[in-house]
Each structure stands twice: as C-alpha cells, then as structure tokens.
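Visitor:
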Amino acid sequence: MNQFKEKMELKNSLSEESLFESFSTYCIISKLMDNDFSYDDIDNMIIDGGNDGGIDTVGFLINGEFINNKQELDDILANKNQKLNILMILIQSKISPKFEGSKMRTFGDGISDILKEKPSLIQNNELKEKWEMTNEIINNFSSSVNEFKGRAYYVTTGKWFQEDKNLKSKISNIKSEIDNLNVFDNFEFKPIDASQLREYFKESNSKVKKQINFDKKVVIPDVSGVKDGWLGFLNGKELIKLIVDDNGDLRRSLFYDNVRDFQGETKTNNAIKETINSDNPEDMSILNNGITIVADNAKTVRSDLVLENYQIVNGCQTSYVMYQNRDKINENSNIYVPVKIIVPTSPSISTKITISNNRQTAVKEESLLALTEVQKELESYFNTFKDDKNKRLFYERRSNQYNSSEGLEKVRIVPMAIALRSYSSMFLGIPHYASRYYGRLYKDFSEKVFDIKNPKIAFYTSSYALYKYNFYIRNSIFERKYAKFKYFILFMINFYITGNIKKPSSSKETERECNKINKILWDNERCKNLMQKMIDIIDKVAGSNINSNELTSKKYFSDDLIEEIKKVKEKQHN
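For the sequence shown, the UniProt record's numbering gives the first residue as 1, with consecutive numbering after it.
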C-alpha cells in the first residue's frame, strides 16, 4: 500500500484499517471506472465512524457518473428525458488473513438493512444519506429508472479459496436474502482477496488495451500527422468488446469528455434502437453515420487490431444505444457499423479530428472550442509549475492522460470537472451550485467558465486551493465532516483575501489577486491556518445544522458566510 500512499499523498496519521479501506475502495472503483475518477469520489463514498451498518463504502454510479449526495440525485432525477442505469456499490474491507463467515454475514445484514423502507440498525449521518438516496431511487423507479443493479465487494488481505463450500453457502444465503427484497434487477456479491486487489491496483496504472477482429477494413491513404489509420465496417459484437470492461459495464471514460454525453431517447437514438431490433438489423451498416476512434497506438495481428489507450471522439450516441441493446447484438452476427480508427502523431491532430467529426452533429461550436483550445492552454499553463513539487498540478484534458506516468500523484491531477467546480465556486460565487449535479453545472456554466478570455491562473488558483483542502481532510488534519464544505471554503477564501465574491472584470486585476491568494496557499502553515479560520466560521454559521445534508445546496448559506466574514474582518481592523 506504500505506492498508494504516495499516489494519494497520505501521511502516517491514518490508521492501518482506514488506509486499507481507502485502498480497497480505490482499487475497486478504478477497476469499474478505468481509473477515470477523483479521490473526491472515493471520499464521498466512505462511511466513516460508528453506526455504519457494517459497511465501509456506499457509492451510486448513475449513467457512468458518480452521484455523491442527495442534492445531486435530486437534480438528475428531475431530468425526465433520460432513463437511468444505476449501479449501487457496497464495500466492506477487513485486514484479516482469511475470509470469516460471521463478518460476511454482518456485511450482508447491513446491505439488507439499507435497502429496507424502515431500517432497524442505527445509522450515522453518512449512512443515513445513502439510505435516503436508495429510497429515492426506489420511489422513482417507474418514472426514471431503467435498471438498478447492486454489487457488493467483501475484501480481505487473506486468500480466497474457491472450493470453500461454507463461505460460498454464506454468499448464496446473502444473495437470496437481497434478491427477496426485490430492489435490484441484479445483485452480485464478490469476494476479493489480496492477490486480486494487487492486480486491480496494477491495472490502475496501465493503459486501456483491447484486441478486436476488424477484417472488413482498408488502410487509409498517407496523411500528414497520422501514423496509422483504417476505414471499414466493424461487427457489432466487436464494438461491444471495445466499449465494455471485464464486468460487462460501459467504459464511459472512452468517450471524449462532455462533447457528446448520452442524450437519452431522442428521435435519432430511437431510430438506431429500432434498426437493431428490426427484421433487418444489417441495415445499420448503411443507415448509421459511424464511429470515429482515436488511439495512441495500434498494431495489426492478421485480421485483428490491438488498440492501446483509445477514445471514441464521435459516435457516442451509437455506442450507448448499442450497449443498451447488447444482448440483441450478441445474438446477431450480421450487425456492422461504419468505423474509422486513427492513430495520430500528436495531440493537436487528435484535436482536429475531434472538431471535424463533431461539427456535423448537434455539438455547439463553442463547446468544441472550450474543450480544445482552452483545454490545451490550461494544460500548458499548469505545466509551468511541474518542476516545483509543492506547487505542481497537472491539468487532464483527456481521460486517463496521465495513467501510466510514473511518480505522479493522482491527487494532483485536475480533470475538467474539478476545474469547473473549483472555478465556479471561487470566481463565480456559486459554491451551492458547484456542490450539486455536475451535468447541470456543466450545462449552465461551462461556456462562461471555459471562455478563452478568462485568465488561466484563476483555474490554477482555485484548483490548488481545492487540492490543499482535500489534502488536509484526507490526512485527518480537518475532520471529515467538513469535506462537504470544500467548495464553500474556496468561495470564502477568495472573499476573505480579496473582498470579492466574483473575479474582477480586468484580467490584470484577476492575476494580481490570484497571486495574492497563491502566496498563502503555497505556505503550508498560513494555508492551514486560513482554512481552519474558514472552518470556524462555517461552524458558527451552520450551528446545529452542521451535519445537515442539504445545507451545501442553499444559497442563503453562502450569503450568511459572507456576512460572518465581514464581521470577522471588521473585528480584526478594530
């Protein structure tokens, strides 16, 4: 676990049990998500303290995104245009040389209890919110939910023996009990031992690689900036291989970040579905516009192609619909899709391919620019700090961009989602909005945030402030109960230091103020003291509502914090 500690910048303040819980969750979530997640996702899943129902981790993966709290769930359920595919993840981790039936039974009882309308076990605040989310999903099943699956992982440092009939019987009994509750469409219980956990961690540091049969293809002509390329028709079964993981789940990280998220039951998507399920599904090859795949590397093996670190830059809708109809596709060998596979020589060529292939779709031109030029500039700006171990952060403009980079701490990687939340909180003054469902935040504010005119230093400053706060939470310098206020901390720091709720209209003024904030953030003691002062203000304003799961979604809470900061600063001046 030493590599994990370095990757997550975890100090020795964590107990061995807490470290193993985080490590287990990281490895399992990494396996599920192709390493396309943040430490925030893990932190939001862990059930800390007593009265945890015998469960260490509870997470909800909805349409490929982690939904971390009830407010986010409310937002996504409010969108009636799409049906939700939900995976509930439950983990229990034990440092033990063996699998113990009694402890597995306790885990099973905890799972059963959280699925009940009226639980009998005492719940702490974190577990209670997960129970409330579960109930809300169940209550919206007919109107919003397409599929609700459950997957439980019981993890130990011991060895799993497949032939142990007693333990297998325990698992079978737990599964039967869960199935009888009629909550999940499908429920799995997976025992994970030390060797499997090590394998998961090893995979988290490697690139995605898949081998497919692509016999109906031709090589594209020589093109400047393109190392290899093929055009052809890919069998539907082979496409499914490309887009699912070992568990059969969709690899959402393969789709170019937020350019074309799945749009649900649109006219076009329904037409694709109808073709697949018609008497002539082979029409897909002439009716579908096709899929474009960009890969870091590819090599031919007879009629096969081995793709490494690939991404689908056009064809998200087709891929999602085919995944939803995968059973039908796997039954039919005559379904083909037009496919273009390109191995560019540089990221700039990849960007051109992405823009070109999406111009003819419903993607706004501004969105394409925001996800190309601005993202490139942010990556370059963040790289100006890479030689200073204290100040460095790495901007990730493509999923898993830094996956195999050695000596790079994952917690210092800033994906676009984190940058959007951080910037919106610190420089748009909307921490209550940033704390909610990311899809809604992206839709409403991405164009304003990723405006080419916005100074790049503001993205770095807000991201670095979040990194520091998460560091203190992760290492128990601040209590975990304050983790949910992270975006409010950014908002408060900006106002406390500069007196501004939003960034100045002048770029020079913004840079000046960011430099002022950075000087404090880069000084560990000053930064810690400042953030502790902000926590004290939160304590005072929140009062008895400090454990409320709804407080962070309320604008009045932001307003009250500002008023209290004004009082604190006034006292300092007197």
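Think of the CB as a built atom: it goes at the ideal place given N, C-alpha and C, for glycine as much as any other residue.
Suppose only complete runs of 3+ residues qualify. What are the beta strand (DSSP E) ranges in the stretch 242-316, listed by chain order?
Guide: Listed in chain order, they are 291-301, 304-314.
Visitor: Less than 7 Å between the C-beta atoms of Asp215 and Ser319, yes or no?
Guide: Numbered from 1 along the sequence shown, position 215 holds the residue referred to as residue 215. Numbered from 1 along the sequence shown, position 319 holds the residue referred to as residue 319. No, the Cβ-Cβ distance between Asp215 and Ser319 is not below 7 Å.
Visitor: Does DSSP classify Tyr402 as helix, strand or coil?
Guide: Here the question's residue 402 lines up with position 402 in the sequence shown. Correct three-state label for Tyr402: coil.
Visitor: Does chain B have any CB closer than 7 Å to the CB of Lys566?
Guide: Chain labels in this structure do not include chain B; a single protein chain is all it has.
Visitor: Can you tell me which of Ile477, Gln82, Gly108, Lys267 puts its alpha carbon nearest to the alpha carbon of Asp52?
Guide: Position 52 of the sequence shown, counted from the start, is the residue given in the question as residue 52. The shortest C-alpha separation from Asp52 is found at Gly108.
Visitor: Check whether the Cβ atoms of Lys159 and Asp193 sit closer than 7 Å, and answer yes or no.
Guide: By 1-based counting over the sequence shown, the position of residue 159 is 159. By 1-based counting over the sequence shown, the position of residue 193 is 193. Against a cut-off of 7 Å, the Cβ pair of Asp193 and Lys159 comes out as a contact.
Visitor: What's the gap between the Cα of Ile28 and the Cα of Ser172?
Guide: Working through the sequence shown from its first residue, we reach residue 28 at position 28. Working through the sequence shown from its first residue, we reach residue 172 at position 172. Each residue's Cα considered, the two are about 22 Å apart.
Visitor: Taking C-alpha atoms, which residue in Tyr496, Val155, Leu408, Asn475 lies nearest to Asp387?
Guide: The residue you call residue 387 lines up with position 387 of the sequence shown. For the residues Tyr496, Val155, Leu408, Asn475, the minimum Cα distance to Asp387 belongs to Leu408.
Visitor: Would you report the Cα separation of Asp222 and Asp451, rounded to the nearest angstrom?
Guide: Residue numbering aside, residue 222 sits at position 222 when the sequence shown is read from its first letter. Residue numbering aside, residue 451 sits at position 451 when the sequence shown is read from its first letter. Distance between the alpha carbons of Asp222 and Asp451: 36 Å.
Visitor: Please report how far the alpha carbon of Ile349 lies from the alpha carbon of Thr275, in whole angstroms.
Guide: Counting from 1 along the sequence shown, the entry for residue 349 is found at position 349. Counting from 1 along the sequence shown, the entry for residue 275 is found at position 275. Cα to Cα, the separation comes out at about 34 Å.
Visitor: Expressed to the nearest angstrom, what Euclidean distance is found between the alpha-carbon atoms of Asn334 and Pro281?
Guide: Reading the sequence shown from its first residue, position 334 is the one you call residue 334. Reading the sequence shown from its first residue, position 281 is the one you call residue 281. Each residue's alpha carbon lies about 7 Å from the other.
Visitor: From Asp56, Phe184, Asn515, Asn518, pick the residue whose C-alpha is nearest to that of Asn124; which is it?
Guide: In the sequence shown, the residue the question calls residue 124 occupies position 124. Answer by Cα proximity: Asp56.
Visitor: Taking 6 Å as the limit between beta carbons, can you name the residues of its chain near Val414, skipping five residues before and five after?
Guide: Residue numbering aside, residue 414 sits at position 414 when the sequence shown is read from its first letter. Correct list, in chain order: Leu393, Tyr395, Ser463.
Visitor: Rounding to the nearest angstrom, what Cα-Cα distance links Val363 and Ser120 in this structure?
Guide: Against the sequence shown, residue 363 aligns to sequence position 363. Against the sequence shown, residue 120 aligns to sequence position 120. Caution applies to Val363, whose pLDDT of 48 falls short of 50 and renders its modelled position unreliable; the value that the coordinates give is listed next. Going from the Cα of Val363 to the Cα of Ser120 covers about 49 Å.
Visitor: CA-CA distance, Val226 and Leu254?
Guide: The sequence position of residue 226 within the sequence shown is 226, counting from 1. The sequence position of residue 254 within the sequence shown is 254, counting from 1. The straight-line gap from Cα to Cα measures roughly 20 Å.
Visitor: I need the straight-line Cα distance from Met531 to Phe478, nearest angstrom please.
Guide: Taking the first residue of the sequence shown as 1, we reach residue 531 at position 531. Taking the first residue of the sequence shown as 1, we reach residue 478 at position 478. Met531 and Phe478: Cα-Cα distance of roughly 9 Å.
Visitor: Tell me, please, which residues DSSP counts as bridged to Phe148.
Guide: Looking up residue 148 in the sequence shown gives position 148. BP columns for Phe148 point to Ile86.
Visitor: Might you give, ordered along the chain, the residues of its own chain that have their beta carbon closer than 7 Å to the beta carbon of Lys299, omitting 5 neighbours on each side?
Guide: As a position in the sequence shown, residue 299 is number 299, starting the count at 1. Closer than 7 Å at the Cβ level, and outside the excluded window around Lys299, lie Val306.
Visitor: Per DSSP, which residues does Phe459 bridge with? Please list them.
Guide: As a working note, residue 459 is residue 459 in the sequence shown. According to DSSP, which records beta bridges pairwise, Phe459 is partnered with nothing at all.
Visitor: Would you tell me roughly how many angstroms separate the C-alpha atoms of Asp559 and Leu250, rounded to the nearest one?
Guide: Locating residue 559 in the sequence shown gives position 559, where the first residue counts as 1. Locating residue 250 in the sequence shown gives position 250, where the first residue counts as 1. Answer to the nearest angstrom: the Cα atoms are 41 Å apart.
Visitor: When you compare only the Cα positions, how much space is there between Asn390 and Lys502?
Guide: As a first step, residue 390 is located in the sequence shown; it is residue number 390 there, counting from the start. As a first step, residue 502 is located in the sequence shown; it is residue number 502 there, counting from the start. The straight-line gap from Cα to Cα measures roughly 27 Å.
Visitor: Taking one C-beta from the stretch 440-450 and one from the stretch 562-572 each time, how about it: are there three or more such pairs within less than 8 Å?
Guide: Contact fails: fewer than three Cβ-Cβ distances are below 8 Å.
Visitor: If you reduce the DSSP assignment to three classes, tell me which class Val374 lands in.
Guide: One-based indexing of the sequence shown puts residue 374 at position 374. In the structure shown, Val374 sits in a helix (DSSP, three-state: H, G or I).
Visitor: Helix or strand or just coil, what does DSSP make of Asp222?
Guide: What you label residue 222 is simply residue 222 of the sequence shown in a count that begins at 1. Three-state result, Asp222: coil.
Visitor: Quick check for students: name the residue ranges of the alpha helix (DSSP H) that lie wholly in the stretch 50-122, counting only runs of 4 or more.
Guide: Those alpha helix (DSSP H) runs which fall completely within the stretch 50-122 and span 4+ residues are 70-78, 101-114.
Visitor: Can the beta-carbon of Asp185 be found less than 7 Å from the beta-carbon of Glu132?
Guide: Along the sequence shown, one-based indexing puts residue 185 at 185. Along the sequence shown, one-based indexing puts residue 132 at 132. No, they are not a contact pair.
Visitor: Should Val218 go down as buried or exposed, given a rule of 16 or more other Cβ atoms within 10 Å for buried?
Guide: For the purposes of this step, residue 218 is identified with residue 218 of the sequence shown, where counting begins at 1. Under this definition Val218 is an exposed residue.
Visitor: With distances taken between CB atoms, is the gap from Phe23 to Phe4 smaller than 7 Å?
Guide: Here residue 23 corresponds to residue number 23 of the sequence shown, with the count starting at 1. Here residue 4 corresponds to residue number 4 of the sequence shown, with the count starting at 1. Yes.
Visitor: Distance, Cα to Cα, Tyr433 vs Tyr487?
Guide: Taking the sequence shown and counting its residues from 1, one reaches residue 433 at position 433. Taking the sequence shown and counting its residues from 1, one reaches residue 487 at position 487. Tyr433 and Tyr487: Cα-Cα distance of roughly 9 Å.
Visitor: Does the beta-carbon of Leu10 have 16 or more other beta-carbons within 10 angstroms, so that it is buried, or is it exposed?
Guide: One-based indexing of the sequence shown puts residue 10 at position 10. Buried: at least 16 other Cβ atoms inside 10 Å.
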